[in-house]
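Here the numbering used here is used: the first residue of the sequence shown is 1, the next is one more, and so on. For glycine and all other residues, C-beta sits at the position ideal for the given N, C-alpha and C. None of the values given here were measured: they were computed from a predicted structure.
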Amino acid sequence: MLVIGSGASGLAAAVSAEGAGGRVALATKGSLQANNSSKAQGGIQASFGAGDSPEQHAEDVWRSSHETADRRLAEALTGDGPGAIHWLEELGVEFTREEDGSYRLARCGGASAKRLLQVGDRTGHAITKALREAWEASSGTSLTNAPLHELTQVNGHWRARVGERQVEAATVVLAAGGRCYAEAERRNELSTNHPNATGEVTTLALDLGAEARDLDALQYHPNGGAWPPNMQGYSIPETTRAYGAVLLNAHGEEFTDSLGPRDIVSQAIFDEVEAGRGVTTPDGRPAVCLDTTRISEADAEVSLPYMLRRYRGAGIDPLRQQILTYPVLHYQNGGLVIDTDARTTLDGVYACGEIAGGAHGRNRMMGNSLLECVVFGRRAGKAAREQASA
Ligand SMILES: Cc1cc2nc3c(=O)[nH]c(=O)nc-3n(C[C@H](O)[C@H](O)[C@H](O)COP(=O)(O)OP(=O)(O)OC[C@H]3O[C@@H](n4cnc5c(N)ncnc54)[C@H](O)[C@@H]3O)c2cc1C
């Protein structure tokens, strides 16, 4: 089988399939390290808190999606959550823990319980690194600098042109991520995304007749860095707000629930600026204030060290002064239609991670994308291997 993409979802699919005895090749556009997954900071959701459950987690997904999510996918996502975390731990990921040994859990926007596990504020980096190391230690084949640019069905199997090579595979897992980098360029806006997030693999699948959903639903991260210039496009982790930071307008007033669902918080910021109650950065960009001085030093040191380092390196100490922020293009909510085994509507073609739609409906909660990568990456790897060896 062939996996396209080396983010968390592609690596999870490849590692699972190879571990189950599959013959797996993974082709990716650049190096194995080039992806959005490694940039993820805040964390990954799973229901470990007292009184929490996968059902409650699924209910939060449903509500945050404004009842647009595919409930079967949301239930698979949250039901597999705790198991996915233990699998990552077996691969070497060390989630941040409290002094009593329990997971350090934060509450993220739209969540009814503290559910966000973290590895400091470099969670995506830690998860992707562990998956990549597991993949590199396996007998699978990596094809780097090998962008997929053609996929055709030939006599019941798939023929892929990846870079200069041609690969034949019984099944293909599409894990090539979203398109927000390209979309931001088109709109002349900032994006948090890696330059490889350009969406051509989705187009290729659509041209083959695959069904998609909610492709128009793009997500703004409420807290893009707005100042100084080298922080523009940086996604300030939502955990700043989980640990006490609040959004303030030019008059120092709170104008929204800082831990509301992402689309609502982003819209509240757009509206506040539109109403003339925002602030302006020294280079004339719109912004509001994020009062990060309310975060305790202890929480910041454990859960926000990278964010602190980035800002302090840029000459601003977020624990002493407020920072300026404005929404930034971040995530493709929709994507290829899949079932709970990550099958697309094309026979033998699977999709997982940001390229797939449905699990989050039209509005994703933070921390559920990394979870989706692991849960549906594993499901895709297992099902694609089984079909390939049938
Ligand atoms: C700055 C930032 C912070 C984030 N923070 C969080 C967070 O805290 N929690 C959370 O849950 N989510 C977070 N997210 C979202 C999450 O990280 C991503 O949605 C998720 O990791 C996407 O994983 P993926 O495997 O689907 O895609 P990616 O990680 O983007 O990987 C896609 C892969 O496909 C390759 N590719 C692209 N086109 C082709 C092609 N034509 N041929 C071959 N290969 C191709 C790319 O090079 C890449 O290797 C964050 C995202 C960003 C950008």
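Count the other C-beta atoms from every protein chain shown that fall within 10 angstroms of the C-beta of residue i, then say buried if there are 16 or more, exposed otherwise.
| i | result |
| --- | --- |
| H157 | exposed |
| Q166 | exposed |
| E354 | buried |
| N112 | One point to set straight first is that residue 112 is Ser, not Asn, in the sequence displayed. With fewer than 16 Cβ atoms within 10 Å of its Cβ, S112 is classed as exposed. |
| S9 | buried |
| E18 | buried |
| Q321 | exposed |
| S139 | exposed |
| N368 | buried |
| E75 | buried |
| Q203 | In the sequence on display, residue 203 carries Thr and not Gln. Result: exposed. |
| H401 | Nothing can be reported for residue 401, as the shown portion of the chain is limited to 1 through 390. |
| G313 | exposed |
| H86 | exposed |
| D214 | buried |
Closest to residue i by CA distance: which of the options is it?
| i | options | result |
| --- | --- | --- |
| F48 | L73, G101, N249 and F255 | G101 |
| A176 | V328, G358 and G335 | G335 |
| L190 | N223, R362, A388 and G30 | N223 |
| A384 | T203, A169, Q321 and T202 | A169 |
| L151 | L174, R132 and A137 | L174 |
| T198 | R362, D271 and L148 | L148 |
| L371 | E18, L26, P54 and A34 | P54 |
| L308 | Y234, G110, T141 and G377 | Y234 |
| R71 | A130, G92, D339 and V349 | D339 |
| G377 | P282, D216, L88 and G276 | L88 |
Confirm the yes/no value for this check: CB of residue i, any heavy atom of ligand 1, distance under 7 Å.
| i | result |
| --- | --- |
| V349 | no |
| K114 | no |
| V201 | yes |
| K129 | no |
| Y331 | yes |
| P327 | no |
| H125 | no |
| T192 | yes |
| P261 | no |
| I355 | yes |
| T28 | yes |
| T198 | yes |
| S369 | yes |
| L148 | yes |
| K39 | yes |
| A242 | no |
| A205 | no |
Report, in whole angstroms, the separation of the C-beta atoms of residue i and residue j, which I expect to be a contact under 8 Å.
| i | j | result |
| --- | --- | --- |
| L319 | I295 | 7 Å |
| I236 | I127 | I236 to I127, Cβ: 20 Å. No contact. |
| G290 | I323 | A quick correction: the sequence has Leu, not Gly, at residue 290. The pair is a contact, with the Cβ atoms about 5 Å apart (cut-off 8 Å). |
| T96 | V302 | 6 Å |
| T240 | A388 | That pair is no contact at about 44 Å. |
| Y181 | I269 | Contact flag wrong, Cβ pair sits at about 22 Å. |
| H125 | S6 | About 14 Å; that fails the 8 Å criterion. |
| P228 | G315 | 7 Å |
| G260 | G110 | 7 Å |
| A69 | A356 | Not confirmed; about 12 Å, so no contact. |
| Y243 | D299 | 4 Å |
| A441 | L91 | Outside the modelled stretch of the chain, which goes from 1 to 390, sits residue 441, for which no answer is possible. |
| L26 | W135 | 7 Å |
| A210 | V349 | 7 Å |
Can you grab the Cα-Cα spacing for the pair residue i / residue j, in whole Å?
| i | j | result |
| --- | --- | --- |
| N249 | E67 | 30 Å |
| K114 | M365 | 13 Å |
| L32 | R107 | 32 Å |
| R104 | R159 | 46 Å |
| Q41 | D121 | 5 Å |
| V73 | E238 | Before going on, a small fix: residue 73 reads as Leu here, not Val. Roughly 24 Å separates the two Cα atoms. |
| A351 | A34 | 19 Å |
| P305 | P286 | 27 Å |
| T292 | A245 | 5 Å |
| E133 | E274 | 47 Å |
| A12 | D257 | 35 Å |
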